[in-house]
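Novice:
8 protein chains.
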Amino acid sequence: MNEPRLRELLARVQHGKIDVEQAVRELKHLPFEDIGFAKIDHHRALRHGMPEVILGTGKTPQQVAAVARQLLKQSKNLLVTRGSPQVFRAVKKVARAAEFFPLSGAIRVWGDRTALGKGRIAVVCAGTSDIPVAEEARVTAEVMGNPVDTLYDVGVAGIHRLMNNRERLAAARVIVCCAGMEGALPSVVGGLVSVPVIAVPTSVGYGASLQGVAALLGMLNSCASNVTVVNIDNGFGAGYVASMINRL
Amino acid sequence: MNEPRLRELLARVQHGKIDVEQAVRELKHLPFEDIGFAKIDHHRALRHGMPEVILGTGKTPQQVAAVARQLLKQSKNLLVTRGSPQVFRAVKKVARAAEFFPLSGAIRVWGDRTALGKGRIAVVCAGTSDIPVAEEARVTAEVMGNPVDTLYDVGVAGIHRLMNNRERLAAARVIVCCAGMEGALPSVVGGLVSVPVIAVPTSVGYGASLQGVAALLGMLNSCASNVTVVNIDNGFGAGYVASMINRL
Amino acid sequence: MNEPRLRELLARVQHGKIDVEQAVRELKHLPFEDIGFAKIDHHRALRHGMPEVILGTGKTPQQVAAVARQLLKQSKNLLVTRGSPQVFRAVKKVARAAEFFPLSGAIRVWGDRTALGKGRIAVVCAGTSDIPVAEEARVTAEVMGNPVDTLYDVGVAGIHRLMNNRERLAAARVIVCCAGMEGALPSVVGGLVSVPVIAVPTSVGYGASLQGVAALLGMLNSCASNVTVVNIDNGFGAGYVASMINRL
Amino acid sequence: MNEPRLRELLARVQHGKIDVEQAVRELKHLPFEDIGFAKIDHHRALRHGMPEVILGTGKTPQQVAAVARQLLKQSKNLLVTRGSPQVFRAVKKVARAAEFFPLSGAIRVWGDRTALGKGRIAVVCAGTSDIPVAEEARVTAEVMGNPVDTLYDVGVAGIHRLMNNRERLAAARVIVCCAGMEGALPSVVGGLVSVPVIAVPTSVGYGASLQGVAALLGMLNSCASNVTVVNIDNGFGAGYVASMINRL
Amino acid sequence: MNEPRLRELLARVQHGKIDVEQAVRELKHLPFEDIGFAKIDHHRALRHGMPEVILGTGKTPQQVAAVARQLLKQSKNLLVTRGSPQVFRAVKKVARAAEFFPLSGAIRVWGDRTALGKGRIAVVCAGTSDIPVAEEARVTAEVMGNPVDTLYDVGVAGIHRLMNNRERLAAARVIVCCAGMEGALPSVVGGLVSVPVIAVPTSVGYGASLQGVAALLGMLNSCASNVTVVNIDNGFGAGYVASMINRL
Amino acid sequence: MNEPRLRELLARVQHGKIDVEQAVRELKHLPFEDIGFAKIDHHRALRHGMPEVILGTGKTPQQVAAVARQLLKQSKNLLVTRGSPQVFRAVKKVARAAEFFPLSGAIRVWGDRTALGKGRIAVVCAGTSDIPVAEEARVTAEVMGNPVDTLYDVGVAGIHRLMNNRERLAAARVIVCCAGMEGALPSVVGGLVSVPVIAVPTSVGYGASLQGVAALLGMLNSCASNVTVVNIDNGFGAGYVASMINRL
Amino acid sequence: MNEPRLRELLARVQHGKIDVEQAVRELKHLPFEDIGFAKIDHHRALRHGMPEVILGTGKTPQQVAAVARQLLKQSKNLLVTRGSPQVFRAVKKVARAAEFFPLSGAIRVWGDRTALGKGRIAVVCAGTSDIPVAEEARVTAEVMGNPVDTLYDVGVAGIHRLMNNRERLAAARVIVCCAGMEGALPSVVGGLVSVPVIAVPTSVGYGASLQGVAALLGMLNSCASNVTVVNIDNGFGAGYVASMINRL
Amino acid sequence: MNEPRLRELLARVQHGKIDVEQAVRELKHLPFEDIGFAKIDHHRALRHGMPEVILGTGKTPQQVAAVARQLLKQSKNLLVTRGSPQVFRAVKKVARAAEFFPLSGAIRVWGDRTALGKGRIAVVCAGTSDIPVAEEARVTAEVMGNPVDTLYDVGVAGIHRLMNNRERLAAARVIVCCAGMEGALPSVVGGLVSVPVIAVPTSVGYGASLQGVAALLGMLNSCASNVTVVNIDNGFGAGYVASMINRL
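Residue numbers (our numbering), protein chains in the order written: chain H, 861 to 1108; chain D, 861 to 1108; chain W, 861 to 1108; chain C, 861 to 1108; chain Y, 861 to 1108; chain F, 861 to 1108; chain U, 861 to 1108; chain X, 861 to 1108.
#1: Would Y/Val1055 and Y/Arg1026 be called neighbours here (beta carbons separated by less than 8 Å)?
#2: Using only CA atoms, which one of F/Thr1010, F/Glu1042, F/Gly1040, F/Arg1021 lies nearest to F/Ala1031?
#3: Let's see if you can read the secondary structure: which residues bound the alpha helix (DSSP H) around C/Glu1002?
#4: Flag Y/Ala1086 as yes if its beta-carbon sits less than 8 Å from any beta-carbon of chain U, otherwise no.
#5: Based on the DSSP secondary-structure assignment, which residues constitute the bridge partners of F/Leu939?
#6: List the endpoints of the continuous beta strand (DSSP E) containing D/Val983.
#7: Flag W/Asp879 as yes if its beta-carbon sits less than 8 Å from any beta-carbon of chain Y, otherwise no.
#8: How would you call H/Thr920, buried or exposed, if buried means at least 16 neighbouring beta carbons within 10 angstroms?
#9: Terminal residues of the continuous beta strand (DSSP E) containing C/Ile1058?
#10: How close, in whole Å, do the beta carbons of U/Ala957 and U/Phe948 come, if the pair is a contact with beta carbons under 8 Å?
#11: Taking the DSSP output, what are the residues bridged to D/Glu959?
#12: Between F/Val873 and chain W, is there a C-beta pair that is closer than 8 Å?
#13: Where X/Ala1102 and H/Val1073 are concerned, what is the direct C-alpha to C-alpha distance, given to the nearest angstrom?
#14: Quick one: what's got a C-beta closer than 6 Å to X/Leu1022's C-beta in the same chain, skipping five residues either side?
#15: By Cβ distance below 7 Å, which residues in the same chain neighbour W/Val1064 in space, the five residues on each side in sequence not counted?
#16: C/Leu1108: which of C/Gly979, C/Val1036, C/Val1089, C/Phe961 sits nearest, CA to CA?
#17: DSSP puts C/Ala1039 in a beta bridge; with which residues?
#18: Alpha helix (DSSP H) containing Y/Val1008: first to last residue?
#19: Report buried or exposed for W/Asp1093, applying the criterion of at least 16 other Cβ atoms within 10 angstroms of its Cβ.
#20: Is there a C-beta anywhere in chain D that falls below 8 Å from the one on W/Ala1098?
#21: Give the DSSP bridge partners of U/Thr1088, in chain order.
#22: Pull up the distance between the alpha-carbon of X/His845 and that of Y/Glu868, whole angstroms please.
#23: Given a limit of 9 Å on CB to CB distance, which residues of the stretch 994-1025 of chain H reach chain X?
#24: Going by the beta-carbon positions, is the gap between C/Ala1084 and C/Gly1051 smaller than 8 Å?
#25: Quick check: is the beta carbon of C/Ser935 nearer than 8 Å to any beta carbon in chain F?
#26: What residue from H/Lys952, H/Met1079, H/Val927 has the CA that sits closest to X/Ser1069's CA?
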């Protein structure tokens, strides 16, 4: 309910076009609709300029497909995260063009490929085991309208692999950086560039990695000041906020 | 050592202007200088376009002042974080124009007030106890060349205070959002705007706040996708990365 | 063993109706019975005015059914929490009218639907993944004799969804509020109403949600003073204590 | 901004008494005032029927006194929690009748002693070291208009001390129960009564008490279903929510 | 290698019955034998007067049976803890008389039923879900030669169930007390008796029980001074040390 | 209120010596007295055969002295734990014979030195920094009537120091074993003897010792089955329970 | 890119043998090759003198086999850690001589058995359940060219088993020491020898072992100064660093 | 008590030079002496070839000086760690040549400067705040007879500072690497060299650094296989074990 619409509504009251009760009802009306098990919020797309994203876990394939069908009436692009092959098959039925990314479980409908980001987003990861999280970030950034450059398996214990790719890092406007275990990569990357680095700790590792908490703590304590952090394994969130920054 | 300088160096070798040993030495030479207890890295200013920042803790007032004197030869702006009144007095001697912000301990020399950011940064905090951290973010963002709008004491338990200021939130290009206790503010703010929100957990609270860990965990789990997080009480980091985003 | 019964017993001793040994035995006798693997405590129903509730986990379907049969001799209402379909089938055999709620695993026999609560209990949850816990709270509150109003999927990142339902919140005499991830919902709800809010952290989330600990800590640190907290995923406990408050 | 006032406002627009711009401004206006370092929210008193409470930590004595002066214009009762003797002296200057409770640091102005609660609140604690937290709960409940019965030093390792006071427990409409160390008291008390028990873990103990976390975890896992929990040492919160329940 | 044997050995050297090399070898010889994957330590039985106990997890049924066969050459009693039905079948083949306790997975050969303890050991538990751990303690104490009195389902939220059994508690020389969730039972029991109480936290519970850590912390902070604690779910350890105390 | 007294009371009712109301009052009467800030429980001495012990922290010197004076009317022995020199001076005034142990802060009145334990208690500690905790255990065990043998600075990294004292270990009926850092000593000691070992983790260490949590966890996981554990730095509790075992 | 090769390259530029662009390209070229899902770093073998090791988890059997085939072109020795039987079968197809160690999941190709270490490495473990981790260390140390002496099941609760093997410990140049539960073995071993001890905490245990965290903390707090620690269950890392030390 | 001395002793028994009782006494005699509050273990020097080191905390200056005086009778070198200026003054009185290192509190007597290590030890640290810990490592390594090369303030966010010093790293035989905050330095250093790296987490940082736990976890999860870890801030331990390795 933004200010112009409010003014317009009040003007209609002023001019007697609607009465008070109608105005109250309209003021209360907000454009989201209820399909039983979840309120779909089309406002979010308006506010953020990005389509609703469906979290694939904790819903049946049928529920995901129903939400997807509803959302695709408003948007040509759609993202389902952490979907299973079963979810993909259900979504495929309501959206022929849907792609499946099995490492991350992402399901994507990418009907509108307009470039919305102003530059390139680099998605970097430390080891091959971090690729599923990096992939989720990449798929998200792409469907949000950004060209993405991926740079995988450039962990800090073989620092020359990273140093050899400094130009690709330098060419990015925003960087998403995924790492598990000690989570040191964002600090090194952050020191090499002068753009924001979104760090994603991954749950890769064992024992004292504490399911990604070690990497998370490491990244929060990064000595590079251009690093911010999202939740463990949250490739989607990193791709989303990188996209938002890239549109600024 | 960027590529054009490398080409130029190699060309000088090619043309016999310098010999191999000189080239090796020059390739090794990097522009940082050693003043005994800390290597000052002027490269960082070049890379990030921002002056070196001195962490005031763990150094004597004399050490901070010595580093400050050195840095001020290269830059008109300087920031010392977490300084004591003693540190301020020492810095004051090498920089007459230094300001002191006692809540946060920030010390600032703000000689060059050129606007470098493209929009406004909003610094928001939940309660009055969060103001020291918010202040650190504000002072940082200002010295980095950004107009800042502050919005304090708008915690979620009195949600109308936040709702009443939606326009000020909407006017910002980047938002820094500080909160302790349950750390819920960034989720609500994130849902109201379509720009990046840098969340700063503060150590405000007691008992189960675990010195800010509760707020930190809350922010990492934010259901708003445009939220990223920095370390507990890291107002500086939030102001820094917000400045970097605001220059994009 | 309350005071009137004690007086009456002592009077019988005084008047020689029973001898000392009988009195000692009677003083020792307490009205619970032993059915082998669990002592059923009918006293609790007397004390709390609520039927015994059976925790469905850690017991075989046959054990649950046996306890249920015993309890239904004393009460028309019964609740089994966290039951499996197998447990439901076993209970169904001893109670034809039993209902099964598959999301939460609740099994309910609701023979006596007398309204015992003085007002309405609102059960609110943040996301669709929190519904199983909210359902457990609702089913509990209903079987304890309360009208329940449910308000689902009103998480804080889309604050207008909550604001649009302020009147329903305001109409409740007690509120149960379930949320996972950052657990911010009870703070916002608590600020909007002037009745007690029972917060239930859920284990919804991943990574730094630490199986609901993030939400739990957030709720314990709520800046709204009318919020109290129960264990992670303890929808039953919230529904129970809300019912008790609603009878006051 | 409640519905009747909205209707009335819209009616004024309809009847041409105010124009659209005035209506927009009025819709935006909310009754809180800004005194520089903290927004005082008189709305909260309206919503909750309780005066604003000032957290004494993190503010200078002068700041507390200034807020107190402002609040006492609206209310005869006032509570400052966790105040020092210095804070008390400053408050004393703006409120002659202020009392100081040195164990808990509570400062109370209790001008209006109308009974607002419908029954009695019992405040129970396990050991003498828990008394400061219990006192904060008692002082809060009293200033909110409740008769309070205190029952101190009745820890579970001497269970007869508790059993001897069952009647006093039974006479309460709500119970606040404070305990440190293993935090077992609320479970025993909860089993003895049929009213809500607000459990307050205290930071009493050492070593594995982890500054009250052991007691907190114990209370969250209480096997008594009528127990809810507030933050460690949060006597105020317990007294507040008990008062709210006691008014229902 | 005790002192008398040492003297006797040295005397044999002195008298030329054995030479130096033989003495060195003999000094090095210690009475344990190696059966490939585990050193069986018959010394322990000598030292502690109790048979070796086999931990059933992390070994194949065949390995357990092989160790059992070896041990039964030295002792008529044997205990395998945490065995599966498969392990039981394998042990049954080498020991016809073996019993299986499916709740706890204990396997017992109880050939020698001599009473070795001087009094009775009471094994107490809070809820029916704690019975597996209590059973392990009981089976252990019995096979170590102690009469055991079990008192199950006497949790603190129904304190009269415990109070009704005070005489049985008072009749014990040592008490093992198992409880999950808040782990409050040992504090209450400890306050009622004047004998040592071995507290066993169980992993019963969910959410903030943290797999038994809540109960463990509670017990370590017990306000009853006669309580000591063993590891979570360590019914065996509690039964063992209770047996050792009961022989004193 | 034990059974014989109950019978006797009921007999008096039966024979008309007292009326019902008197009986009720007498049944309710329990022998503890209230001195304002703490209920002193003389029952505990009867039940446990040990004097009340006063925790010196969280009380003023005057409060400790007042409780001490009261207790010394019933008992010749008294223990105050964690007292300061100020507390000692106050206690000294009400008990001339009081001793002060500055390492642990223990204050002892040892008027009755009757030997009550059946054997010797060994108090063992790993390093010199653990001596304060060991001293608290020793002082406690002595005042409870036990001969004590102390064996200090025998940590496991110099295992021969422990091995050289095996006979002294073997001569004890119960062992208290204090260790910080890795807390390994109880496992080695437990393996060398066949009597109960009470392990006391100390907060000695730094960094990953986590104020004694590392030692606590180590002891709870001891591979020696005769080890039970008390709270970090709880020398008193270990001495107390060792005394209780030694009286069996 | 080492200094001699740099000089030689610059000399070629100087002498006009290559032009600047070729030099830049060559400077950028580093000897690793990309096989799609993982960059294989032959440099590491050069730098560390040890073959690349493949972590078997998080890769398909086919991926492991493909990497293995590539690596075996450069080296006669290869190690896959944490492989399944499926992975082994796939590797077996590209390396006939591959061995499988089912306890640890190690897969080894040991074509070149040259002794590279200067002494013997002892691999010690506390209990039979620690053998899988010890085996991983042994297999690693062997394939890196070291004679290994294994000493299993010598936990500290039966200290004589360890003392009986002091000579074997003394004969080692480096010791790897694996233990779960309380993790005390490295402290005792460290005190007995004067060589480096690499401690490996294992996840053996239950309850308060916290999946190996208890052992990890214990080892980090070892009172023996010659102990360093690797991650929980990281037998490979311990064997690797022991090999590296043994080559010095 | 080594084997040759044992043989010699037994031979003396065999030849009648000493009788059995003398042999028993001699076998029991071990060369450590007791000076009241601490057993000094000269064996350790024999076993490890290094002097006893005194931990300065938890002892009075007089106690430290007394132990120092005793130790200096056996050794020309001595190290006191974590000493205060007061401790230094006391030690200075018994050892004129003692040096004090105020950053780390190390006190050193360095009478014998023989080089015992075979190569050079590099001590590297990330930031200037890590220097105290690095200094402790350096002082330790020097007094143990090693040439030390220090490389300070080379944290990973300015990776070129480290890369510029690769040759100095490559010249070391062992590396000690100290870092706080995210603790990433050892991974990068480990990848650059082929010698063992001893990682020392420091407690430098704030908030989510959790007093060094973040750095500790990072280092334990290092993706460089040549990294082992010691306790937080344990510069001494790192210098000690590096010295031991450097003597191999």
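Yeah, the Cβ is synthetic: ideal placement off N, Cα and C, and Gly gets one too.
Specialist: Looking at the coordinates:
#1: no
#2: F/Thr1010
#3: 991-1003
#4: Here the sequence assigns Asn to residue 1086 of chain Y, which means Ala is not the residue at that position. So, not an interface residue.
#5: F/Val913, F/Arg968
#6: 981-985
#7: no
#8: exposed
#9: 1057-1061
#10: 12 Å between Cβ atoms; not a contact.
#11: D/Arg968
#12: yes
#13: 29 Å
#14: Val1014
#15: Gly987, Ser989, Asp990, Gly1040, Met1041
#16: C/Gly979
#17: C/Pro1061
#18: Careful: Y/Val1008 lies outside any alpha helix (DSSP H), inside the beta strand (DSSP E) at 1008-1011.
#19: buried
#20: no
#21: U/Ile1058
#22: Missing from the structure shown is residue 845 of chain X; chain X here goes from 861 to 1108 and no further.
#23: Gly1015, Val1016, Ala1017, Gly1018, Ile1019, His1020, Leu1022, Met1023
#24: yes
#25: no
#26: H/Met1079
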